[in-house]
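Here the structure is laid out as structure tokens; the discussion comes afterwards.
Protein chains in written order, with this note's numbering: chain A, 1 to 443; chain B, 444 to 801; chain C, 802 to 1110.
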């Protein structure tokens, strides 16, 4: 028995090693653009990771159904990493070997770990709506693309919105704003911007960290009850958001006074609180839930209609589904742009995709034509600005669905620019990177 | 037939007490080490290095440290992840705050800091024992998780709490390519492995084992429990701390406290128990098992499904991975509670007697 | 003063919930000497079963009687937990008799992975709601006594009552029924119990079943509070300091320990947290337990350890 199980173990280990070796040796076929998909469909954050991944994959399928990018078909492979940084790095290494040309990790921790690796491997990193805020500066962070917005944009707009509701930013003086945040790089990212704004407008900032995964918040909300802040900013991910809303309900804190980041404003966050979360606001990274948009109709007809949908049909058009879909669209458009320069109908390399992402110019007409009318506003990137747009809306939960507001906000360009440059210069110094000059940018 | 010790006569105490008294063992181990140093760098590709070999080597080192404490001294710890974190963050601070600090110096100082903390958090072991102690060591885990998140000084005031290290320089040798990182880790592991093996054969290791087998009896025959237990905590934390620093510096490059969470502690304890308590080679077996198995399952299951023409969804694969991993752990604990090292020893014994059954 | 009382009450109620999870640990440790790390996964598993069964039954019944669906779901989930207990005993524990504590602990960690995997495979990995009609809105009390009154969360209050009732019921079960006596006999001395004809294996199944039911109740309460999702499994980590503080073998210890930990961590977070940056409650609970352990190494109510050479 013992010897047999030993033999079993040995043979299993050998198979494991050989399969690991051979699987990386099998490169992607020539005529397909390979998209790696890092997902978490299990573990503490699965409820939020699932719709994002489904939207991402569905869009790639949609592009294929419509004939690919100028005839180049897309192939993709999912890799499950459970929101754990080391497994994420393993996935990166595995999929890199299969010819990946653009990565989207959907985890701030993995983004930090990959930021150093991307320039070496020459693979661009898209972090739409998350990641390092200073990576907006493309002259230092050549390979990072925090498209559509960073946490500093989110923090800035959040304060603008609160100010607007109070009747002007000057009315914020003497007010108290609490930040309830996920105790991780993700949650800490907005703090510098909020502190900057607090200094400018004279409001008091209360910092209330919540430990991973965020199911224990009683003490946090007792403190909120004690200090009665005028507004609460919720910077959570996964179960932390719904728990926060439930605790707010249990301590009687008005949900109308709560404003979540765009990762705290999706269906899984509020679904099981339902009516208890009515009136809760969250930032929308341009899009909200968009079940009526044309692109959703396309997905339903051309992907789900043929029985190739990735997730449940009801999910199509939900907030995080749309986020995944848009993330995929941005990557695809980067490739398309690269093809314009390096040859239509060819498979692009990581370096070429990087150029495409850096010179992306999606105007309203293009977006509308792709079916994103009413969903998105134009995105235009450049060497200095890897973000491309900082448009944000506010959406409100009405007890059964998210309703996008009509006002569009934009981050304060001057304030943001200054902070980004400060931080990116510091990073460049630490890592001994020479920022690219405008001339180098043109190449 | 080949594995026979006939004719190998020991003529001195030195020969009798060496690490591998059988000549075949000596040669085999030397051959493995030589292969690891020369053959593997020629054969393995980047994925192999970065995703499997480097994590395996570093976690082996950590498991070795945990085994010294749990396997040799009998003090169960669930806080090993915290000591990895201490090693990593201390080494980071030594590296950036002191000009001209060499890489090796930072690693060693990180290990020493971790050792000091190990002594501090080992003090409860003088009064508390067994499972109570295991849970008490979780206090260290959660405290340090919190400290590295909250105290900005540790992370050099990085606004996100994430720190990173680049340009590793080992006495003029820039450790950059995956193969170089691998060789560096391998070198460290060989040195520390030898150190650990010799410690367990020396008086200090024997004191630990006496404490493990029965601490009251050990005290009666003149072993100071305080010295023995705290030295075990210190040495173990040193190993684990160095491994943590390497995990941060060499493997991840940039990390946050979540890289050393309580899951890491469990993982290390798993390695030690699956591999074999109180066995140096067991630590390597355990680390290999725990590092490779999930990755292997994750890649094999879809391939297996493809073989039968079914495509398994990612979610199903990851759930199946959890289930199979759990079942295998329980299975191994039932089949051989003393770990893979015992299986190894039994098979060696069988090989020696072969072709006779007894 | 009012706020202090509020924190105190909040802590006591949280403590009752911890005690409920801790109870599961204690029951199994007492009877089989296994430190059951899978208790958290069992809570998750039970809660997932309850949430999904309730949803399915509700749909099958046409959605007009949530109460009936809940009752049916409770029975079905209880059945599922029985099967789980039986399988664990049969396949894992029976083969691990007389192993060391650490080995058993690791085996239960393995069981944790299996339960998490199986639970998510069968019941899904989204977030689900358990609606057993718990009131969600807070009530204000003693408004004439203190300025602003004391806010009490009805849901917590009811949960604490249920927990207390369950503990009382279990104590009765242990003291008064013959099965309970057999359980205590097994806890005392396996071999002596075996020699007077108590079937060890059946007792273990029963204990794991009872622990499963406790997990189910805990799962329903926590799940109704937090929503049913993967992170429920982490409540086990919150309950650990409770167990060692109260003593691994003592049912009252779990309750008292739970209350001490609950109150300690809430007070520390609210009054101490702001000075050191917050988020201290989890390690504070462990430190608190550790300090107690330094004075009483076997926990407050644990059996005294006597060493003999």
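Beta carbons: idealized from backbone N, C-alpha and C, even for Gly.
Since we're looking at a predicted model, the values are computed, not measured.
Delimiting residues of the beta strand (DSSP E) encompassing residue 939 (chain C): 939-942
Does the segment 600-614 of chain B come close enough to the segment 707-717 of chain B that 3 or more CB-CB pairs lie under 8 Å? no
Would you mind giving the Cβ-Cβ distance between residue 902 (chain C) and residue 573 (chain B), rounded to the nearest angstrom? I have them listed as a contact below 8 Å. 6 Å
Tell me which same chain residues have a C-beta within less than 7 Å of the C-beta of residue 726 (chain B), skipping the five on either side of it? 503, 506, 507, 510, 714, 715 and 718
Can you give the Cα-Cα distance for residue 724 (chain B) and residue 330 (chain A), rounded to whole angstroms? 50 Å
Residue 38 (chain A) and residue 103 (chain A): beta carbons closer than 8 Å? yes
Cα-Cα separation between residue 710 (chain B) and residue 885 (chain C), rounded to whole angstroms: 25 Å
Under 8 Å, Cβ to Cβ, is there at least one residue of chain B near residue 440 (chain A)? no
Are the beta-carbon atoms belonging to residue 918 (chain C) and residue 519 (chain B) less than 8 Å from one another? no
Can you tell me whether residue 40 (chain A) is helix, strand or coil according to DSSP? coil
On the three-pair Cβ rule with 8 Å, is the segment 85-96 of chain A touching the segment 104-116 of chain A? yes
Could you confirm whether any beta carbon from chain E is found closer than 8 Å to the beta carbon of residue 318 (chain A)? The chain inventory of the structure shown lacks chain E, comprising the protein chains A, B and C.
Is the shortest distance between the beta-carbon of residue 570 (chain B) and the beta-carbons of chain A less than 8 Å? no
Comparing C-alpha positions only, which one of A:48, A:44, A:98 and A:55 sits nearest to residue 303 (chain A)? A:55
Tell me, please, which residues DSSP counts as bridged to residue 34 (chain A). A:75
Exposed or buried, which one is residue 183 (chain A) when buried takes at least 16 other CB atoms within 10 Å? buried
Should the segment 517-535 of chain B be called in touch with the segment 684-702 of chain B, which here means at least 3 C-beta pairs below 8 Å? yes
Helix, strand or coil at residue 24 (chain A) [DSSP, three-state]: Residue placement at residue 24 (chain A) is flagged as unreliable, the pLDDT there being 42, under the threshold of 50; the coordinate-derived value follows with that caveat. Residue 24 (chain A) falls in the helix class under three-state DSSP.
How many whole angstroms separate the CB atoms of residue 734 (chain B) and residue 745 (chain B), which I take to be in contact at a CB cut-off of 8 Å? Their Cβ separation, rounded to whole angstroms, is 20 Å, which puts residue 734 (chain B) and residue 745 (chain B) out of contact at 8 Å.
What is the DSSP secondary structure of residue 290 (chain A), reduced to helix, strand or coil? coil
Note down the Cα distance separating residue 1027 (chain C) from residue 1015 (chain C), rounded to an integer number of angstroms. 18 Å
Comparing C-alpha positions only, which one of C:1017, C:1041 and C:1053 sits nearest to residue 1090 (chain C)? C:1041
Given residue 1007 (chain C), which residues of its chain have a CB within under 6 Å of its CB, disregarding the five upstream and five downstream residues? none
So is residue 89 (chain A) in contact with chain B if we call contact Cβ pairs under 8 Å? yes
How many Å lie between residue 21 (chain A) and residue 485 (chain B) at the Cα? At residue 21 (chain A) the pLDDT is 43, less than 50, meaning the model places this residue with poor confidence; the figure from the coordinates comes in the next sentence. Approximately 13 Å between the Cα atoms of the pair.
Along the segment 1078-1105 of chain C, what residues have a CB closer than 8 Å to any CB found in chain A? 1078, 1079, 1080, 1082 and 1083
Check whether the segment 933-940 of chain C and the segment 1037-1056 of chain C are in contact - that is, three or more C-beta pairs closer than 8 Å. no
In angstroms, rounded to a whole number, what distance separates the CA positions of residue 145 (chain A) and residue 138 (chain A)? 8 Å
Residue 750 (chain B) burial status per 10 Å Cβ neighbour count (16 or more: buried): exposed
Can you give, in chain order, each stretch of the alpha helix (DSSP H) that sits fully within the segment 632-708 of chain B and has at least 4 residues? 646-656, 658-663 and 668-689
On the CB-based measure, 16 or more other CB atoms within 10 Å of its CB, does residue 1032 (chain C) come out buried or exposed? buried
Using 8 Å as the cut-off, can you tell me whether the segment 1055-1062 of chain C makes contact with the segment 557-577 of chain B, which would need three or more C-beta pairs spanning the two stretches below that distance? no
Members of the segment 1039-1062 of chain C near chain A, C-beta cut-off 8 Å: 1039
Name the residues in the segment 739-757 of chain B whose C-beta lies less than 8 Å from a C-beta of chain A; which are they? 739, 741, 742, 743, 746, 756 and 757
Let's test the definition: count the other Cβ atoms within 10 Å of the Cβ of residue 366 (chain A) and tell me whether it reaches 16, buried, or not, exposed. exposed
The segment 318-337 of chain A touching the segment 43-54 of chain A, judged by at least three CB pairs closer than 8 Å: yes
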